Amino acid sequence: MTIFQIKQAATGAVLWTGGAADEQQALDAMAREAGYADFAALPESLRGATVDRLNLG
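In terms of this note's numbering, the sequence shown opens at residue 143 and continues consecutively.
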């Protein structure tokens, strides 16, 4: 499992940090924590996010 950090593209605000197998699973996990079924269920206006793989070692 890899640690990812998802930020809002427009502001750089951190939306989610956590472990996931890949970027898509990280986006889905972020969306679920925000109350949505998955990333595809987010409103279009909220989908502008950047996903960074963190190197903590």
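Using N, Cα and C, we set each Cβ at its ideal position, and we do this for glycine too.
Since this is a predicted model, take the numbers as computed values, not measurements.
Close beta carbons around residue i, own chain, < 6 Å, minus the five adjacent residues each side
| i | result |
| --- | --- |
| Thr-196 | Residue 196 is actually Leu in this sequence, not Thr. Closer than 6 Å at Cβ, skipping near neighbours: Ile-145 and Gln-147. |
| Trp-158 | Ile-148 and Met-172 |
| Phe-181 | Leu-169, Asp-170 and Ala-173 |
Straight-line gap, residue i to residue j (C-alpha atoms, nearest Å)
| i | j | result |
| --- | --- | --- |
| Pro-185 | Leu-198 | 32 Å |
| Gly-160 | Ala-179 | 17 Å |
| Ser-187 | Gln-150 | 11 Å |
Cβ-heavy atom distance, residue i to the ligand GTP, below 7 Å
| i | result |
| --- | --- |
| Thr-159 | No copy of the ligand GTP appears in this structure; indeed no ligand is present at all. |
8 Å Cβ shell around residue i - same chain, five flanking residues per side excluded
| i | result |
| --- | --- |
| Ala-143 | Looking at the sequence itself, residue 143 is Met, so the reference to Ala does not match. So the list reads Gly-161, Ala-162 and Ala-163, once near-sequence residues are dropped. |
Residues near residue i in its chain [Cβ-Cβ closer than 7 Å; skip 5 each side]
| i | result |
| --- | --- |
| Val-130 | For residue 130 there is no data in the structure shown, the boundaries of the chain being 143 and 199. |
| Ala-183 | Ala-173 |
| Glu-175 | Trp-158 |
CB-CB length for residue i against residue j, believed under 8 Å
| i | j | result |
| --- | --- | --- |
| Gly-190 | Ala-152 | 6 Å |
Can you give, in chain order, each stretch of the alpha helix (DSSP H) that sits fully within the stretch 158-187 and has at least 4 residues?
165-175
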